[in-house]
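Notes to accompany the following structure.
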Amino acid sequence: MATALCISTGAPLAQDLALPADAERSFATTQDPGVYLLPVGPWRAGEGLPTRRIEGAVRVEAWRIDGTGLTPFQLVQPLRDALVAAGYDIVLDCAARTCGGFDFRFATTVLPAPEMFVDLARYHFVSALAPQGAISLLASRDSGKAYVQIIRAGGAASGGDTSADAPPAPPARKGDIIAALESAGHVILDDLVFQTGAAALGDDRVASLDALAAYLQDNPARRVLFVGHTDAVGSLEGNQALSRRRAQAAVAYLRDRHAIPDSQIGAAGVGYLSPVASNLTEAGREANRRVEAVLISTE
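Structure (structure tokens):
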């Protein structure tokens, strides 16, 4: 059973995009005027990701579906068909590997966790163009939930929240990060990205760490342990040391930027002993290179 989600492009034409009946919108923001770089081809080595610049109102939405068995392709297919019926031309329609895998995902606009989760080996992307604007669809899933991101760009805003900053990839909201941390006891910090063998975070702000810092400042009795993980390239001993350095990078961020005391934060590294994906593929190895925040307080 599906529910009709009406998304107006800001022009007279509108279309109904059918999502499962139990889909819940977890995030929405509008920037007007804004700019969106619409992917128009797969990522290729030496060329990067080809895009088309779309100006006008840019609206980003994230939807979450609990307990569905639908694949990313099955989630996107009826939405794509609705766009075609509404007069859109499909520009790009690809699955993870053919899109460009890890490189595609990190070259285009994707909301951070927890609004959007992208399995680097299991996602589907569609971009479409019409005279009134552009729409992109991105679907992925984990073991229990499916996620759909919808970006529409061009024309005037049809309502929704306004974001003052560009590009329209807002930071993870404190409430959702903390809700996940407190309910599950741990949360993967998807906006911490590491290359093989690297442990540096760089100079940019990290939304998930900023949210955790605010939480710890508001709750001085709570403690969080950052646990680093690696892919399986190299020895166990070397990867355990590397994963600890990655976790220590998160600790240093909170201590140096937010003055969080050492009594509230710590670091550990387990190397490649707790993978979330197969190390046989680059996408899997990228997913395994991560840092998790673990709430170790008992009250």
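Residue numbers (this note's numbering): 64 to 362. The C-beta atom is built at its ideal place from N, Cα and C for all residues, glycine as well.
Helix, strand or coil at residue i according to DSSP, with G and I counted as helix
i      : result
Gly291 : strand
Pro234 : For Pro234, the pLDDT reaches just 37, beneath the cut-off of 50, and the residue's location in the model is therefore unreliable, although a value from the coordinates is still provided. Pro234: coil per DSSP, three-state reduction.
Tyr186 : strand
Ser206 : coil
Gly347 : helix
Ile89  : Looking at the sequence provided, one finds Ser at residue 89 rather than Ile. DSSP places Ser89 in strand when its eight states are reduced to three.
Ile214 : strand
Arg320 : helix
Spatial distance of residue i from residue j (CA atoms)
i      : j      : result
Ser360 : Glu245 : 10 Å
Ile153 : Arg143 : 8 Å
Glu84  : Trp126 : Per the sequence shown, residue 84 should be read as Ala rather than Glu. For Ala84 and Trp126, the distance between alpha carbons rounds to 12 Å.
Leu279 : Thr171 : 31 Å
Leu299 : Asp266 : 29 Å
Glu124 : Glu178 : 9 Å
Leu201 : Gln212 : 5 Å
His321 : Thr344 : 37 Å
Val339 : Gly97  : 36 Å
Val173 : Phe167 : 10 Å
Ala52  : Pro194 : Limits of the chain in this structure are 64 at one end and 362 at the other, which puts residue 52 out of reach.
Ala315 : Ser306 : 14 Å
Ala148 : Gln311 : 51 Å
Beta carbon of residue i nearer than 7 Å to that of residue j
i      : j      : result
Ile323 : Ala276 : yes
Arg309 : Ala262 : yes
Leu183 : Ala350 : yes
Ala176 : Asp129 : no
Tyr210 : Ser203 : yes
Ala159 : Leu80  : no
Arg215 : Arg122 : yes
Gly111 : Ala346 : no
Asn190 : Pro102 : One point to set straight first is that residue 190 is Ser, not Asn, in the sequence displayed. Yes, the pair counts as a contact, with Cβ atoms nearer than the cut-off.
Asp205 : Phe180 : yes
Ile240 : Ala274 : yes
Pick from the options that is closest to residue i, judged by C-alpha positions
i      : options                        : result
Glu118 : Thr93, Arg127, Thr131          : Thr93
Asp294 : Asn282, Ser341, Ala330         : Ser341
Leu336 : Val314, His321, Gln311, His292 : His292
Ala330 : Arg320, Phe289, Asn302         : Phe289
Val287 : Val354, Ala193, Thr344         : Val354
Asn302 : Gly132, Arg107, Gly332         : Gly332
Lys208 : Ala274, Val147, Leu138, Leu174 : Leu138
Arg115 : Arg268, Ala312, Gly196, Tyr316 : Gly196
Gly150 : Leu133, Leu192, Arg168, Phe169 : Leu192
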